[in-house]
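Below is one structure, written out as structure tokens; comments come after it.
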Amino acid sequence: SDSGSAENAVQMLVQKLIQQSAASSDQDKCWIEDGDRMGCKADCKCGFLEQCYPKFVAEVGSDKSHRHQTNVGVCGTAMPVLIFLSGALFLSLLSCIVMARMYFQWRESQILEGDESMDRPKTVMMPSSITGVPAPSLRDKADSVPHTGVAWPEAEAVSG
Numbered sequence: 001s002d003s004g005s006a007e008n009a010v011q012m013l014v015q016k017l018i019q020q021s022a023a024s025s026d027q028d029k030c031w032i033e034d035g036d037r038m039g040c041k042a043d044c045k046c047g048f049l050e051q052c053y054p055k056f057v058a059e060v061g062s063d064k065s066h067r068h069q070t071n072v073g074v075c076g077t078a079m080p081v082l083i084f085l086s087g088a089l090f091l092s093l094l095s096c097i098v099m100a101r102m103y104f105q106w107r108e109s110q111i112l113e114g115d116e117s118m119d120r121p122k123t124v125m126m127p128s129s130i131t132g133v134p135a136p137s138l139r140d141k142a143d144s145v146p147h148t149g150v151a152w153p154e155a156e157a158v159s160g
């Protein structure tokens with residue numbers, strides 16, 4: 001009986017606050033204060049992805065010195081929705097990091113493959129292929145240059 005009278009007191013308080021509030025909606029029996037839908041402990045129904053959290057409101061009686069706190073309830077985002085959203089945010093950020101890491105590893109492997117291709121011999125167009133005149137070989141060039149001895153100061157210092 002005591003809990004029934006407490007429920008009635010909450011419903012009466014919520015109805016009184018709805019009537020006093022300028023921003024209220026008669027169809028869902030809630031009143032809106034600072035963007036929060038309040039009164040879900042009475043007749044106000046929370047949305048599909050919401051649940052009723054405790055919200056205590058000071059009830060001012062005839063005696064101003066005595067204030068009674070009453071839980072009227074406030075609608076907020078449901079806990080399973082918050083858990084799902086935080087998990088989705090975590091997984092999406094993790095996948096972004098993994099994808100960026102995979103991209104940079106792939107890019108580095110492409111750069112390294114490019115460096116290896118520099119070690120391979122490349123085909124160079126010789127002047128003979130352009131002009132039709134055979135280019136002299138390196139052996140012919142070496143034979144045509146007179147061979148002079150290279151002066152080595154170290155060798156002269158030892159022998160002299």
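For reference, each letter of the sequence shown is one residue, going 1 to 160 in full-length UniProt numbering.
Positions of the beta carbon are idealized from the N, C-alpha and C atoms, including for glycine.
On a predicted model such as this, the values are computed, not experimentally measured, just so you know.
Proximity to Q11 across I32, C44, K55 peaks at C44, based on C-alpha coordinates. Membership of G76 in the beta strand (DSSP E) is indicated by the continuous run 74 to 77.
Partner residues in the beta bridge of E33, as assigned by DSSP, are D36. A Cβ-Cβ distance of about 7 Å is found for the pair P54 and G73, placing them in contact under the 8 Å criterion. The beta carbon of L85 lies closer than 7 Å to none in the same chain, with the five residues before and after it left out.
In the three-state reduction of the DSSP assignment, F56 falls in the strand class, which pools E and B.
If you ignore the 5 residues before and after A9, its C-beta comes within less than 8 Å of the C-beta of T70, all in its own chain and listed in chain order.
A direct Cα-to-Cα measurement between R67 and A58 gives close to 6 Å. Under DSSP, E113 forms no beta bridge with any residue. Taking 8 Å as the cut-off, the Cβ atoms of A78 and E50 count as close. Shown here for P80: not one same chain residue has a beta carbon closer than 8 Å to its own, the five before and five after excluded.
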